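For the sequence shown, the positions run 1 to 361 when full-length UniProt numbering is used. Notes follow the structure.
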Amino acid sequence: MTQTLLVGGYGSVGHIVARELTSSMAEREQLLIAGRDDSKAASLAERLGDHASGVSFDVEAPATYSSVLKDVDQVIVCLDQSGTAFVEACLERGIDYVDVTASDEFFRQVESFDQFARENDATAVLSVGLAPGVTNLLAARAVDELSTVSDVRIGVLLGLGESFGPEASRWTLEHIGRPFTVQTNGDSRTVRGFTDPRPIEFPRYGCRTAYRFDFADQHVVQRTLDVPTASTRFCFDSRLASTGIHGLVRAGVYQPMADAVGVDRLARLSESLSLGGDGFAVTVTAEGRRDKTRIATTEAVDGREQSHVTGLVAAVVAQAVAAGDVSNGVSHVHQILEPTTVLDELRSHGYRTTSSERVLG
Numbered sequence: 001m002t003q004t005l006l007v008g009g010y011g012s013v014g015h016i017v018a019r020e021l022t023s024s025m026a027e028r029e030q031l032l033i034a035g036r037d038d039s040k041a042a043s044l045a046e047r048l049g050d051h052a053s054g055v056s057f058d059v060e061a062p063a064t065y066s067s068v069l070k071d072v073d074q075v076i077v078c079l080d081q082s083g084t085a086f087v088e089a090c091l092e093r094g095i096d097y098v099d100v101t102a103s104d105e106f107f108r109q110v111e112s113f114d115q116f117a118r119e120n121d122a123t124a125v126l127s128v129g130l131a132p133g134v135t136n137l138l139a140a141r142a143v144d145e146l147s148t149v150s151d152v153r154i155g156v157l158l159g160l161g162e163s164f165g166p167e168a169s170r171w172t173l174e175h176i177g178r179p180f181t182v183q184t185n186g187d188s189r190t191v192r193g194f195t196d197p198r199p200i201e202f203p204r205y206g207c208r209t210a211y212r213f214d215f216a217d218q219h220v221v222q223r224t225l226d227v228p229t230a231s232t233r234f235c236f237d238s239r240l241a242s243t244g245i246h247g248l249v250r251a252g253v254y255q256p257m258a259d260a261v262g263v264d265r266l267a268r269l270s271e272s273l274s275l276g277g278d279g280f281a282v283t284v285t286a287e288g289r290r291d292k293t294r295i296a297t298t299e300a301v302d303g304r305e306q307s308h309v310t311g312l313v314a315a316v317v318a319q320a321v322a323a324g325d326v327s328n329g330v331s332h333v334h335q336i337l338e339p340t341t342v343l344d345e346l347r348s349h350g351y352r353t354t355s356s357e358r359v360l361g
């Protein structure tokens, strides 16, 4: 019996991962849907059929790790963690680990376990989702088209009409206006989320103003693809919402407002409002040289329901790890999968991919 533990398995992303995995499971494969609400886990498992079962589990309760990880071969985590204790518990038992989160601080901590994972014959894969995830793969593809690269620019547009789930909404709200560090040609500087606007051309949406945001992809791309400068800018499909948030941050009133209202309350409010659609678009432009010619090459993906994309990517990664196609150690998705592997899967589900390039001189 091969068992996969899916933590946060009944959430907005987790249930898609669960559906994709169980739809292709062999007879002796089992998915354990885990979360603090055992009734939700059991309900989803019942809908998915014989390959799934529910289990009560709190990832922040280390005393339960031994019992829940018994006989588990692979773990997929679809929620944020306060530390790395659970990751370590998985790797020391030789259990493969797939993470669907977006914090570069967390990524750096897990990256430090690379040798530990190898010693225990375990694999960990990070940057699994849309951004980071698909954006990493697009960056790798764009960079591969050039001889030398000077700059990678990532753009993320998300529709406000889609329910991101409480965890993702809270994470986004917490990072609006928050300072973070970026590297530009070797120099560090501090910027804030939803500031420093730049125009970005998004497929289907046209030119939009997007703002600095602390998605992990820019940091991961810079240190793994060896590019001197990488940046991620973000906006919503609603111009009004994007402009309004930028105005609040620039005026210095967003953080006091968020503190007064409370991030959890703001997250619930944002989930209840419908200010846009459920579409999304991500675009990555790498600028550099091909031989002596300066070129900008752009790769993009767009469609509806970004949480579905995250679920699909997680399922592809989990299946590759389970098949033994990924080396032991800690890696990001673009280091273990060819971009075409994931992009072909997205196209088969109706998502559009586009590529273009222009000569700069």
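Even for Gly, the Cβ is constructed at its ideal location relative to N, Cα and C. Every value quoted in this text rests on a predicted model; they were computed, and no experiment measured them.
Test item: CB-CB of VAL100 and VAL68 under 8 Å: Start at 1 with the first residue of the sequence shown, and residue 100 comes out as number 100. Start at 1 with the first residue of the sequence shown, and residue 68 comes out as number 68. No, the pair does not count as a contact, with Cβ atoms beyond the cut-off.
Does DSSP classify VAL227 as helix, strand or coil? Walking along the sequence shown from the start, residue 227 turns up at place 227. Reduced to three states, the DSSP call for VAL227 is coil.
From this set, ALA296, GLY277, ARG19 and LYS292, which residue's C-alpha is nearest GLY161's C-alpha? Taking the sequence shown and counting its residues from 1, the one referred to as residue 161 is at position 161. Here the closest residue by C-alpha is GLY277.
Determine, using beta carbons only, whether LEU157 and PHE280 come nearer to each other than 8 Å. Here residue 157 refers to the residue found at position 157 of the sequence shown. Here residue 280 refers to the residue found at position 280 of the sequence shown. The Cβ atoms of LEU157 and PHE280 sit closer than 8 Å to each other.
What is the DSSP secondary structure of SER67, counted as helix, strand or coil? Counted from its first residue, the sequence shown places residue 67 at position 67. Helix at SER67.
Between which two residues does the alpha helix (DSSP H) harbouring ALA260 extend? Taking the sequence shown and counting its residues from 1, one reaches residue 260 at position 260. It spans 254 to 261 - the alpha helix (DSSP H) in which ALA260 sits, taken as one unbroken run.
Excluding five sequence neighbours on each side, which residues of the same chain lie with their C-beta closer than 6 Å to the C-beta of ARG141? Here residue 141 refers to the residue found at position 141 of the sequence shown. Correct list, in chain order: GLU299 and PRO339.
Just checking, does the stretch 198 to 213 make contact with the stretch 257 to 266 on the three C-beta pairs under 8 Å criterion? Under the 8 Å Cβ criterion, the stretch 198 to 213 does not count as touching the stretch 257 to 266, having fewer than three qualifying pairs.
For HIS175, which three-state DSSP category applies? Locating residue 175 in the sequence shown gives position 175, where the first residue counts as 1. If DSSP states are grouped into helix, strand and coil, HIS175 belongs with the helices.
As assigned by DSSP and simplified to three states, the class of ARG212: Here residue 212 corresponds to residue number 212 of the sequence shown, with the count starting at 1. The answer is strand: DSSP assigns ARG212 an E or B state.
Ignore the nearest five residues each way along the sequence and tell me which others in LEU5's own chain have a CB closer than 6 Å to its CB. By one-based count along the sequence shown, residue 5 stands at place 5. Answer for LEU5: LEU32, ALA34, VAL72 and VAL75, listed in chain order.
Considering just the uninterrupted stretch of the alpha helix (DSSP H) at GLY334, what are its terminal residues? Here the question's residue 334 lines up with position 334 in the sequence shown. Here the sequence assigns His to residue 334, which means Gly is not the residue at that position. Here the alpha helix (DSSP H) through HIS334 covers 333 to 336.
Taking the straight line between their C-alpha atoms, what separation do you get for THR341 and VAL134? Numbered from its first residue, the sequence shown carries residue 341 at position 341. Numbered from its first residue, the sequence shown carries residue 134 at position 134. When rounded, the distance between both Cα atoms is 11 Å.
Which ranges would you report for the alpha helix (DSSP H) in the stretch 62 to 119 if only whole runs of at least 4 residues count? 65 to 69, 85 to 92, 104 to 111 and 114 to 119
Where PHE234 and SER169 are concerned, what is the direct C-alpha to C-alpha distance, given to the nearest angstrom? Reading the sequence shown from its first residue, position 234 is the one you call residue 234. Reading the sequence shown from its first residue, position 169 is the one you call residue 169. Distance between the alpha carbons of PHE234 and SER169 is about 14 Å.
Among ALA139, VAL282 and LEU173, which one has its Cα closest to the Cα of TYR205? As a working mapping, residue 205 is identified with position 205 in the sequence shown. Per the Cα distances, VAL282.
Alpha carbon to alpha carbon, what distance is there between ALA131 and ASP38? Within the sequence shown, numbered from 1, the residue matching residue 38 stands at position 38. Within the sequence shown, numbered from 1, the residue matching residue 131 stands at position 131. C-alpha separation (whole angstroms): 29 Å.
Between which two residues does the alpha helix (DSSP H) holding ALA131 run? Counting from 1 along the sequence shown, the entry for residue 131 is found at position 131. Segment: none, ALA131 is in no alpha helix (DSSP H) and carries neither H nor E.
GLY193 burial status per 10 Å Cβ neighbour count (16 or more: buried): Residue 193 sits at position 193 when you count from the first residue of the sequence shown. Buried, because 16 or more other Cβ atoms sit within 10 Å of the Cβ of GLY193.
Within its chain, find whatever has a CB closer than 7 Å to the CB of HIS349; leave out the 5 residues flanking it on each side and keep chain order. Walking along the sequence shown from the start, residue 349 turns up at place 349. So the qualifying residues of the chain are LEU312.
Taking all protein chains shown into account, decide if GLU88 is buried (16 or more other Cβ within 10 angstroms of its Cβ) or exposed. For the purposes of this step, residue 88 is taken as the residue at position 88 of the sequence shown. GLU88 is buried by the Cβ-count criterion.
Would DSSP call LEU158 helix, strand or coil? Along the sequence shown, one-based indexing puts residue 158 at 158. Strand.
Which residue wins for smallest C-alpha separation from VAL77, given the options GLY361, ASN328 and ALA314? Counting from 1 along the sequence shown, the entry for residue 77 is found at position 77. Of GLY361, ASN328 and ALA314, the residue nearest in Cα terms is ALA314.
Hey, quick one: how far does the beta strand (DSSP E) through ALA34 stretch, first residue to last? The count along the sequence shown starts at 1 and reaches residue 34 at position 34. Note, ALA34: beta strand (DSSP E), 29 to 35.
Which whole-angstrom value is the C-beta distance of VAL316 and VAL98, which I expect to be below 8 Å? Within the sequence shown, residue 316 is the residue found at index 316, counting from 1. Within the sequence shown, residue 98 is the residue found at index 98, counting from 1. The Cβ separation is near 10 Å, so there is no contact.
Nearest-angstrom Cα separation, counted from VAL17 out to LEU138: Your numbering for residue 138 matches position 138 in the sequence shown. Your numbering for residue 17 matches position 17 in the sequence shown. LEU138 and VAL17: Cα-Cα distance of roughly 21 Å.
Can you confirm whether the stretch 112 to 125 touches the stretch 320 to 336 when touching is taken to mean that 3 or more C-beta pairs between the two stretches lie within less than 8 Å? yes
Just list the residues that DSSP pairs LEU5 with in beta bridges. Numbered from its first residue, the sequence shown carries residue 5 at position 5. Answer is LEU32 and VAL75.
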